(Lines of atoms letter the chains of each structure in order from A and count residues from 1; the text may use other names and numbers.)
(Lines give C-alpha, C1' and ligand atoms only; values in the text may rest on other atoms or scores of the structure.)
Protein backbone atom coordinates (compact mmCIF):
# COMPACT_ATOMS: atom_id res chain seq x y z
CA UNK A 1 0.00 0.00 0.00
CA UNK A 2 1.61 3.22 -1.22
CA UNK A 3 0.05 6.54 -0.27
CA UNK A 4 2.59 8.65 -2.15
CA UNK A 5 1.78 10.30 -5.45
CA UNK A 6 3.88 9.11 -8.37
CA UNK A 7 6.22 11.57 -10.06
CA UNK A 8 3.73 11.87 -12.92
CA UNK A 9 0.84 12.55 -10.55
CA UNK A 10 2.82 15.20 -8.71
CA UNK A 11 3.61 16.79 -12.07
CA UNK A 12 -0.11 16.80 -12.97
CA UNK A 13 -0.97 18.50 -9.68
CA UNK A 14 1.82 21.06 -10.03
CA UNK A 15 0.88 21.87 -13.62
CA UNK A 16 -2.76 22.47 -12.68
CA UNK A 17 -1.79 24.48 -9.61
CA UNK A 18 0.66 26.69 -11.48
CA UNK A 19 -1.84 27.36 -14.25
CA UNK A 20 -4.55 28.20 -11.74
CA UNK A 21 -2.38 30.62 -9.80
CA UNK A 22 -1.18 32.36 -12.97
CA UNK A 23 -4.30 32.39 -15.15
CA UNK A 24 -7.33 32.02 -12.85
CA UNK A 25 -6.63 33.32 -9.34
CA UNK A 26 -5.79 36.91 -10.40
CA UNK A 27 -9.14 37.17 -12.23
CA UNK A 28 -11.44 35.12 -9.99
CA UNK A 29 -12.99 38.07 -8.18
CA UNK A 30 -13.61 39.97 -11.43
CA UNK A 31 -15.15 36.92 -13.10
CA UNK A 32 -17.46 36.57 -10.11
CA UNK A 33 -18.56 40.18 -10.53
CA UNK A 34 -19.02 39.65 -14.27
CA UNK A 35 -21.02 36.48 -13.69
CA UNK A 36 -19.18 34.56 -16.39
CA UNK A 37 -15.92 32.86 -17.29
CA UNK A 38 -14.19 34.10 -20.47
CA UNK A 39 -14.47 31.40 -23.12
CA UNK A 40 -10.88 32.12 -24.15
CA UNK A 41 -9.79 30.35 -20.95
CA UNK A 42 -11.01 26.91 -22.05
CA UNK A 43 -8.65 26.32 -25.00
CA UNK A 44 -5.76 27.22 -22.69
CA UNK A 45 -6.95 24.63 -20.18
CA UNK A 46 -7.47 22.12 -22.99
CA UNK A 47 -3.89 22.66 -24.14
CA UNK A 48 -2.80 21.16 -20.80
CA UNK A 49 -4.89 18.05 -21.52
CA UNK A 50 -7.64 18.97 -19.06
CA UNK A 51 -10.51 19.13 -21.58
CA UNK A 52 -10.85 15.33 -21.75
CA UNK A 53 -9.18 14.01 -18.64
CA UNK A 54 -10.52 10.47 -18.85
CA UNK A 55 -11.37 10.42 -22.53
CA UNK A 56 -9.34 7.88 -24.51
CA UNK A 57 -6.24 9.22 -26.23
CA UNK A 58 -7.63 7.97 -29.56
CA UNK A 59 -10.21 10.77 -29.44
CA UNK A 60 -7.86 13.49 -28.21
CA UNK A 61 -8.23 12.87 -24.49
CA UNK A 62 -5.62 12.37 -21.80
CA UNK A 63 -6.73 8.90 -20.69
CA UNK A 64 -6.09 9.68 -17.03
CA UNK A 65 -7.48 7.87 -14.02
CA UNK A 66 -10.15 9.20 -11.68
CA UNK A 67 -7.48 9.63 -9.04
CA UNK A 68 -5.41 11.72 -11.45
CA UNK A 69 -8.46 13.87 -12.15
CA UNK A 70 -9.01 14.62 -8.45
CA UNK A 71 -5.52 16.11 -8.37
CA UNK A 72 -6.39 18.46 -11.24
CA UNK A 73 -9.60 19.67 -9.63
CA UNK A 74 -8.08 20.09 -6.18
CA UNK A 75 -5.27 22.18 -7.65
CA UNK A 76 -7.50 24.34 -9.84
CA UNK A 77 -9.94 24.96 -6.97
CA UNK A 78 -7.11 26.50 -4.98
CA UNK A 79 -7.42 29.31 -7.52
CA UNK A 80 -11.23 29.32 -7.83
CA UNK A 81 -13.66 26.53 -6.92
CA UNK A 82 -16.29 27.83 -9.36
CA UNK A 83 -14.00 27.57 -12.38
CA UNK A 84 -12.58 24.18 -11.43
CA UNK A 85 -16.05 22.78 -10.78
CA UNK A 86 -17.37 23.98 -14.13
CA UNK A 87 -14.53 22.10 -15.81
CA UNK A 88 -15.43 18.99 -13.80
CA UNK A 89 -18.97 19.05 -15.24
CA UNK A 90 -17.59 19.25 -18.80
CA UNK A 91 -15.31 16.31 -18.05
CA UNK A 92 -18.14 14.27 -16.56
CA UNK A 93 -19.98 14.58 -19.87
CA UNK A 94 -16.87 13.53 -21.78
CA UNK A 95 -16.36 10.51 -19.56
CA UNK A 96 -19.96 9.38 -20.10
CA UNK A 97 -19.74 9.66 -23.89
CA UNK A 98 -16.36 7.89 -23.94
CA UNK A 99 -17.67 5.04 -21.78
CA UNK A 100 -21.20 4.56 -23.15
CA UNK A 101 -21.36 6.22 -26.57
CA UNK A 102 -21.20 4.43 -29.91
CA UNK A 103 -18.10 4.72 -32.06
CA UNK A 104 -19.96 7.26 -34.20
CA UNK A 105 -20.88 9.32 -31.11
CA UNK A 106 -17.30 9.30 -29.87
CA UNK A 107 -15.98 10.44 -33.24
CA UNK A 108 -18.63 13.15 -33.46
CA UNK A 109 -18.33 14.71 -30.01
CA UNK A 110 -15.12 13.83 -28.20
CA UNK A 111 -12.38 15.53 -30.26
CA UNK A 112 -14.03 18.96 -29.98
CA UNK A 113 -14.83 18.31 -26.32
CA UNK A 114 -11.18 17.57 -25.59
CA UNK A 115 -10.02 20.73 -27.37
CA UNK A 116 -12.89 22.56 -25.61
CA UNK A 117 -13.98 24.01 -28.90
CA UNK A 118 -17.27 22.53 -27.68
CA UNK A 119 -18.02 23.19 -23.99
CA UNK A 120 -20.54 20.77 -22.47
CA UNK A 121 -23.10 21.08 -19.69
CA UNK A 122 -24.93 18.26 -17.90
CA UNK A 123 -28.74 18.46 -17.73
CA UNK A 124 -30.42 16.02 -15.34
CA UNK A 125 -32.12 18.06 -12.58
CA UNK A 126 -35.60 19.50 -13.12
CA UNK A 127 -37.77 21.94 -11.13
CA UNK A 128 -39.75 18.99 -9.74
CA UNK A 129 -37.07 16.30 -9.55
CA UNK A 130 -33.78 16.82 -7.79
CA UNK A 131 -32.86 14.03 -5.40
CA UNK A 132 -35.63 11.93 -6.98
CA UNK A 133 -33.92 12.17 -10.35
CA UNK A 134 -35.64 9.14 -11.90
CA UNK A 135 -38.97 11.03 -11.66
CA UNK A 136 -37.86 13.47 -14.36
CA UNK A 137 -40.60 14.59 -16.77
CA UNK A 138 -38.69 15.99 -19.77
CA UNK A 139 -40.01 13.88 -22.62
CA UNK A 140 -38.34 12.88 -25.87
CA UNK A 141 -40.95 11.70 -28.39
CA UNK A 142 -39.81 9.75 -31.43
CA UNK A 143 -39.99 11.52 -34.81
CA UNK A 144 -38.97 10.55 -38.33
CA UNK A 145 -35.61 12.28 -37.91
CA UNK A 146 -34.95 11.61 -34.24
CA UNK A 147 -36.67 13.09 -31.19
CA UNK A 148 -38.90 15.99 -30.22
CA UNK A 149 -37.82 17.11 -26.76
CA UNK A 150 -40.16 18.97 -24.38
CA UNK A 151 -39.56 19.95 -20.76
CA UNK A 152 -37.38 22.04 -18.47
CA UNK A 153 -34.08 21.43 -16.71
CA UNK A 154 -33.14 23.47 -13.62
CA UNK A 155 -29.95 24.73 -11.96
CA UNK A 156 -27.90 24.00 -15.09
CA UNK A 157 -24.32 25.27 -14.86
CA UNK A 158 -23.58 26.78 -18.25
CA UNK A 159 -27.25 27.26 -19.20
CA UNK A 160 -27.17 29.67 -22.14
CA UNK A 161 -23.35 29.63 -22.10
CA UNK A 162 -22.29 26.14 -23.14
CA UNK A 163 -22.13 24.83 -26.69
CA UNK A 164 -23.90 21.52 -26.01
CA UNK A 165 -26.00 19.88 -23.30
CA UNK A 166 -25.98 16.21 -22.31
CA UNK A 167 -29.67 15.78 -21.48
CA UNK A 168 -31.49 13.01 -19.64
CA UNK A 169 -35.01 12.66 -21.04
CA UNK A 170 -37.88 10.21 -20.87
CA UNK A 171 -38.23 8.08 -23.99
CA UNK A 172 -40.27 5.32 -22.34
CA UNK A 173 -42.35 4.46 -19.29
CA UNK A 174 -42.10 6.02 -15.84
CA UNK A 175 -39.11 5.16 -13.69
CA UNK A 176 -35.38 4.86 -14.35
CA UNK A 177 -35.67 2.37 -17.23
CA UNK A 178 -37.58 4.86 -19.36
CA UNK A 179 -34.78 7.46 -19.44
CA UNK A 180 -32.34 8.03 -22.30
CA UNK A 181 -29.34 10.31 -22.77
CA UNK A 182 -28.88 12.63 -25.75
CA UNK A 183 -26.90 15.68 -26.83
CA UNK A 184 -28.66 18.95 -27.63
CA UNK A 185 -26.52 21.54 -29.35
CA UNK A 186 -26.79 25.28 -28.69
CA UNK A 187 -28.92 26.86 -31.38
CA UNK A 188 -31.19 23.85 -31.79
CA UNK A 189 -34.74 24.73 -32.81
CA UNK A 190 -36.97 24.80 -29.71
CA UNK A 191 -34.09 25.31 -27.24
CA UNK A 192 -34.26 28.35 -24.96
CA UNK A 193 -33.04 29.45 -21.55
CA UNK A 194 -34.43 31.08 -18.43
CA UNK A 195 -33.01 34.16 -16.75
CA UNK A 196 -29.66 33.79 -15.03
CA UNK A 197 -30.05 32.59 -11.46
CA UNK A 198 -28.87 34.86 -8.64
CA UNK A 199 -26.82 32.52 -6.46
CA UNK A 200 -25.02 32.54 -3.11
CA UNK A 201 -21.80 31.24 -4.65
CA UNK A 202 -20.35 29.89 -7.90
CA UNK A 203 -21.22 33.32 -9.28
CA UNK A 204 -18.66 33.06 -12.08
CA UNK A 205 -20.66 30.18 -13.54
CA UNK A 206 -23.72 31.27 -15.52
CA UNK A 207 -26.59 29.15 -14.22
CA UNK A 208 -30.06 29.02 -15.79
CA UNK A 209 -33.00 26.83 -16.63
CA UNK A 210 -32.71 25.00 -19.96
CA UNK A 211 -36.05 24.81 -21.74
CA UNK A 212 -37.14 22.51 -24.56
CA UNK A 213 -40.25 23.30 -26.61
CA UNK A 214 -40.57 20.52 -29.18
CA UNK A 215 -36.81 20.82 -29.55
CA UNK A 216 -35.54 18.89 -32.55
CA UNK A 217 -32.80 16.36 -31.74
CA UNK A 218 -31.26 14.19 -34.50
CA UNK A 219 -31.39 10.44 -33.94
CA UNK A 220 -27.60 10.13 -33.93
CA UNK A 221 -27.40 12.49 -30.94
CA UNK A 222 -28.62 9.63 -28.73
CA UNK A 223 -25.81 8.45 -26.46
CA UNK A 224 -25.69 4.69 -26.04
CA UNK A 225 -28.98 2.82 -25.99
CA UNK A 226 -32.52 4.00 -25.36
CA UNK A 227 -33.67 3.33 -21.81
CA UNK A 228 -30.19 3.24 -20.32
CA UNK A 229 -29.67 6.95 -19.77
CA UNK A 230 -30.35 6.83 -16.04
CA UNK A 231 -27.76 4.09 -15.61
CA UNK A 232 -25.27 6.23 -17.54
CA UNK A 233 -26.13 9.29 -15.46
CA UNK A 234 -25.63 7.48 -12.17
CA UNK A 235 -22.32 6.03 -13.34
CA UNK A 236 -21.20 9.51 -14.36
CA UNK A 237 -22.14 10.84 -10.94
CA UNK A 238 -19.70 8.52 -9.14
CA UNK A 239 -16.83 10.35 -10.81
CA UNK A 240 -18.62 13.68 -10.56
CA UNK A 241 -18.89 13.28 -6.79
CA UNK A 242 -15.15 12.72 -6.55
CA UNK A 243 -14.44 15.82 -8.64
CA UNK A 244 -16.80 18.05 -6.67
CA UNK A 245 -15.20 16.74 -3.47
CA UNK A 246 -11.73 17.47 -4.82
CA UNK A 247 -12.78 21.00 -5.71
CA UNK A 248 -14.14 21.51 -2.19
CA UNK A 249 -10.88 20.18 -0.77
CA UNK A 250 -8.81 22.60 -2.84
CA UNK A 251 -10.94 25.56 -1.83
CA UNK A 252 -10.70 24.65 1.85
CA UNK A 253 -6.94 24.17 1.64
CA UNK A 254 -6.60 27.63 0.14
CA UNK A 255 -8.76 29.09 2.92
CA UNK A 256 -6.58 27.44 5.57
CA UNK A 257 -3.43 28.71 3.85
CA UNK A 258 -4.81 32.25 3.90
CA UNK A 259 -5.66 31.94 7.58
CA UNK A 260 -2.20 30.61 8.44
CA UNK A 261 -0.56 33.52 6.65
CA UNK A 262 -2.80 36.01 8.41
CA UNK A 263 -2.06 34.49 11.83
CA UNK A 264 1.66 35.11 11.35
CA UNK A 265 1.10 38.80 10.60
CA UNK A 266 -1.81 39.92 12.74
CA UNK A 267 -0.95 41.00 16.28
CA UNK A 268 -3.22 41.06 19.32
CA UNK A 269 -2.35 41.53 22.98
CA UNK A 270 1.31 42.04 22.11
CA UNK A 271 1.96 38.93 20.00
CA UNK A 272 1.01 37.41 16.68
CA UNK A 273 -2.09 35.23 16.55
CA UNK A 274 -0.07 32.11 15.81
CA UNK A 275 1.39 32.30 19.31
CA UNK A 276 -1.95 31.65 20.99
CA UNK A 277 -2.29 27.96 21.82
CA UNK A 278 -6.08 28.00 21.47
CA UNK A 279 -5.73 29.15 17.86
CA UNK A 280 -2.90 26.68 17.22
CA UNK A 281 -5.25 23.88 18.28
CA UNK A 282 -7.96 25.15 15.91
CA UNK A 283 -5.71 25.16 12.85
CA UNK A 284 -4.26 21.79 13.91
CA UNK A 285 -7.78 20.33 13.92
CA UNK A 286 -8.48 21.83 10.50
CA UNK A 287 -5.29 20.32 9.09
CA UNK A 288 -6.15 16.92 10.56
CA UNK A 289 -9.63 17.03 9.04
CA UNK A 290 -8.32 18.03 5.61
CA UNK A 291 -5.70 15.31 5.57
CA UNK A 292 -8.31 12.72 6.54
CA UNK A 293 -10.60 14.00 3.80
CA UNK A 294 -7.82 13.89 1.21
CA UNK A 295 -6.93 10.29 2.08
CA UNK A 296 -10.59 9.20 2.00
CA UNK A 297 -11.13 10.92 -1.37
CA UNK A 298 -8.12 9.25 -2.96
CA UNK A 299 -9.14 5.85 -1.63
CA UNK A 300 -12.60 6.29 -3.19
CA UNK A 301 -11.02 7.35 -6.48
CA UNK A 302 -8.76 4.28 -6.39
CA UNK A 303 -11.79 2.04 -5.85
CA UNK A 304 -13.56 3.60 -8.85
CA UNK A 305 -10.45 3.20 -10.99
CA UNK A 306 -10.05 -0.46 -10.05
CA UNK A 307 -13.73 -1.32 -10.48
CA UNK A 308 -14.20 -2.31 -6.84
CA UNK A 309 -17.75 -3.59 -6.13
CA UNK A 310 -18.19 -1.03 -3.34
CA UNK A 311 -16.89 1.91 -5.41
CA UNK A 312 -20.26 3.72 -5.54
CA UNK A 313 -20.61 3.43 -1.78
CA UNK A 314 -17.14 4.87 -1.24
CA UNK A 315 -17.76 7.71 -3.71
CA UNK A 316 -20.91 8.62 -1.78
CA UNK A 317 -19.18 8.37 1.61
CA UNK A 318 -16.24 10.44 0.44
CA UNK A 319 -18.50 13.09 -1.07
CA UNK A 320 -20.40 13.47 2.22
CA UNK A 321 -17.28 13.57 4.37
CA UNK A 322 -15.06 15.72 2.16
CA UNK A 323 -17.59 18.39 1.26
CA UNK A 324 -18.88 18.74 4.82
CA UNK A 325 -15.33 18.90 6.14
CA UNK A 326 -14.22 21.39 3.50
CA UNK A 327 -17.07 23.77 4.27
CA UNK A 328 -16.37 23.63 8.00
CA UNK A 329 -12.66 24.27 7.45
CA UNK A 330 -13.34 27.21 5.13
CA UNK A 331 -15.84 28.67 7.57
CA UNK A 332 -13.42 28.16 10.47
CA UNK A 333 -10.64 29.81 8.47
CA UNK A 334 -12.85 32.84 7.90
CA UNK A 335 -13.39 33.05 11.67
CA UNK A 336 -9.63 33.17 12.21
CA UNK A 337 -9.52 36.46 10.30
CA UNK A 338 -12.32 38.01 12.34
CA UNK A 339 -13.92 40.97 10.59
CA UNK A 340 -11.34 40.88 7.81
CA UNK A 341 -12.50 37.42 6.84
CA UNK A 342 -15.88 38.90 6.01
CA UNK A 343 -14.35 41.27 3.48
CA UNK A 344 -13.98 40.33 -0.20
CA UNK A 345 -10.38 41.61 -0.30
CA UNK A 346 -9.11 38.65 1.71
CA UNK A 347 -10.70 35.98 -0.49
CA UNK A 348 -12.09 33.66 2.18
CA UNK A 349 -15.71 34.81 2.13
CA UNK A 350 -15.89 33.85 -1.56
CA UNK A 351 -14.54 30.38 -0.78
CA UNK A 352 -17.15 29.88 1.93
CA UNK A 353 -19.94 30.93 -0.43
CA UNK A 354 -18.60 28.75 -3.24
CA UNK A 355 -18.16 25.62 -1.12
CA UNK A 356 -21.66 25.64 0.36
CA UNK A 357 -23.17 24.22 -2.84
CA UNK A 358 -20.76 21.27 -2.87
CA UNK A 359 -22.86 19.79 -0.06
CA UNK A 360 -25.93 19.95 -2.33
CA UNK A 361 -25.05 19.12 -5.93
CA UNK A 362 -24.07 15.79 -7.52
CA UNK A 363 -26.48 14.34 -4.97
CA UNK A 364 -27.18 16.04 -1.64
CA UNK A 365 -25.23 14.84 1.35
CA UNK A 366 -28.48 13.42 2.72
CA UNK A 367 -28.71 11.22 -0.40
CA UNK A 368 -25.06 10.23 0.14
CA UNK A 369 -26.08 8.92 3.58
CA UNK A 370 -29.00 7.07 1.99
CA UNK A 371 -26.71 5.40 -0.57
CA UNK A 372 -24.32 4.42 2.19
CA UNK A 373 -27.05 3.02 4.44
CA UNK A 374 -28.58 0.98 1.61
CA UNK A 375 -25.19 -0.47 0.73
CA UNK A 376 -24.58 -1.38 4.37
CA UNK A 377 -27.90 -3.20 4.62
CA UNK A 378 -27.30 -5.05 1.35
CA UNK A 379 -23.87 -6.15 2.60
CA UNK A 380 -25.44 -7.37 5.83
CA UNK A 381 -28.17 -9.33 4.02
CA UNK A 382 -25.65 -10.98 1.71
CA UNK A 383 -23.88 -12.26 4.78
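In our numbering, the protein residues as written are 48 to 430.
Each residue gets a CB set at the ideal place from its N, CA and C atoms; glycine is no exception.
Nothing here was measured: the structure is a model prediction, and the numbers come from that model.
#### Entry: Nearest to residue 279 (by Cα), restricted to the options 66, 394, 99, 181
The shortest C-alpha to C-alpha distance from residue 279 to any of 66, 394, 99, 181 is the one to 181.
### Message
If I measure Cβ to Cβ from residue 120 and keep anything under 6 Å in the same chain, skipping five residues before and after, which residues do I get?
### Response
The residues are 131, 135, 290, 293, 294.
### Task
Write down the C-beta distance between residue 227 and residue 269 rounded to the nearest angstrom, noting that I regard them as a contact closer than 8 Å.
Confirmed, about 6 Å.
### Message
Given a cut-off of 8 Å on the beta-carbon distance, is the pair residue 288 and residue 410 in contact?
### Response
It is a contact, given that the beta carbons lie within the stated cut-off.
### Query
Roughly how far, in whole angstroms, is the beta-carbon of residue 255 from the beta-carbon of residue 244, given that I think they are within contact range, below 8 Å?
At roughly 6 Å, the Cβ-Cβ gap stays under 8 Å, so residue 255 and residue 244 are in contact.
### Message
On a Cα-Cα basis, can you pick out the residue from 220, 88, 313 that is closest to residue 70?
### Response
Of the listed residues, the one whose Cα sits closest to residue 70 is 88.
### Query
Quick one: Cα of residue 304 to Cα of residue 207, how far?
Straight-line Cα distance between these residues: approximately 35 Å.
### Task
Please state whether DSSP places residue 418 in a helix, a strand or coil.
Three-state result, residue 418: helix.
### Message
With the cut-off set at 8 Å, would you say residue 23 and residue 277 are in Cβ contact?
### Response
Residue 23 is absent from the structure shown; the chain starts at 48 and stops at 430.
### Task
Flag this pair as yes or no: are the beta carbons of residue 172 and residue 202 separated by less than 8 Å?
Contact flag set, yes.
### Message
I'd like to confirm the pairing. Which residues does DSSP put opposite residue 270 in its beta bridges?
### Response
Residue 270 is bridged to 228.
### Task
Under 8 Å Cβ to Cβ from residue 346, same chain only, skipping five residues before and after it: list those, please.
Beyond the five residues adjoining it in sequence on each side, residue 346 comes within less than 8 Å, by CB distance, of 361, 365 in the same chain, given in chain order.
#### Entry: Backbone CA spacing between residue 420 and residue 393 [nearest angstrom]
Each residue's alpha carbon lies about 40 Å from the other.
### Query
Leaving out the 5 sequence neighbours to the left and right, which residues in its chain are closer than 7 Å to residue 238 when beta-carbon positions are compared?
Taking C-beta separations shorter than 7 Å and ignoring five residues to either side along the sequence, the partners of residue 238 in its chain run 231, 259, 262, following chain order.
### Message
Counting beta carbon pairs with one atom in the segment 90-110 and one in the segment 143-162, are three or more of them shorter than 8 Å?
### Response
A contact between stretches requires three or more CB pairs, one per stretch, nearer than 8 Å, and the segment 143-162 meets this requirement with the segment 90-110.
### Query
For the beta strand (DSSP E) that contains residue 196, what are its first and last residues?
Secondary structure note for residue 196: its beta strand (DSSP E) is the uninterrupted segment 193-204.
### Query
Is it right to say residue 147 is buried, meaning 16 or more other beta carbons lie within 10 angstroms of its own, or is it exposed?
Classification for residue 147: buried.
### Query
Contact between the segment 369-384 and the segment 400-419: three or more CB pairs below 8 Å?
Output reads yes: the segment 400-419 touches the segment 369-384.
### Task
Indicate whether residue 169 and residue 125 have their beta-carbon atoms separated by less than 8 Å.
No.
### Task
Assign residue 354 to one of two classes, buried (16 or more other C-beta atoms within 10 Å of its C-beta) or exposed (fewer than that).
Classification for residue 354: exposed.
### Close-in-space but distant-in-sequence residues of the same chain around residue 246 (CB under 7 Å, 5 per side omitted)
The beta carbon of residue 246 sits closer than 7 Å to the beta carbons of 254 from its chain, once the five residues preceding and following it are set aside; these are given in chain order.
### Query
Anyone know if the C-beta pair for residue 383 and residue 309 falls short of 8 Å?
In contact: residue 383 and residue 309 (Cβ atoms closer than 8 Å).
### Task
Assign residue 94 to one of three DSSP states: helix, strand, or coil.
In this structure, residue 94 counts as helix in the three-state DSSP scheme.
### Task
Could you have a look at residue 213 and say whether DSSP puts it in helix, strand or coil?
Here residue 213 sits in strand by DSSP.
### Query
Relative to the C-alpha of residue 62, which residue among 348, 104, 75, 118 is closest?
Residue 62 has its Cα closest to that of 118, out of 348, 104, 75, 118.
### Task
Name the two residues that bound the continuous alpha helix (DSSP H) containing residue 352.
Per DSSP, the continuous alpha helix (DSSP H) segment holding residue 352 begins and ends at 324-353.
### Straight-line gap, residue 363 to residue 372 (C-alpha atoms, nearest Å)
Residue 363 and residue 372: Cα-Cα distance of roughly 14 Å.
### Message
So if DSSP puts residue 262 in a beta bridge, which residue, or which two residues, is it bridged to?
### Response
Looking at the DSSP output, residue 262 sits in a beta bridge with 196.
### Query
Apart from the five residues on each side of it in sequence, which residues of its chain come closer than 8 Å, Cβ to Cβ, to residue 396?
Correct list, in chain order: 381, 388, 389, 390.
### Message
Tell me the DSSP secondary structure of residue 380 in three-state form.
### Response
Note: residue 380 maps to helix in three-state DSSP.
### Query
If you check the beta carbons only, do residue 398 and residue 311 fall under 8 Å apart?
Not a contact, by the Cβ cut-off of 8 Å.
### Three-state class that DSSP yields for residue 278 in the structure shown
DSSP places residue 278 in helix when its eight states are reduced to three.
### Message
What would DSSP say about residue 389, mapped onto helix, strand or coil?
### Response
Assigned with DSSP and collapsed to three states, residue 389 falls in helix.
### Beta carbon of residue 285 nearer than 8 Å to that of residue 351
Less than 8 Å separates the beta-carbon of residue 285 from that of residue 351.
#### Entry: Beta-carbon contacts of residue 103 that lie in its chain and below 7 Å, excluding the five residues immediately before and after
Taking C-beta separations shorter than 7 Å and ignoring five residues to either side along the sequence, the partners of residue 103 in its chain run 110, 145, following chain order.
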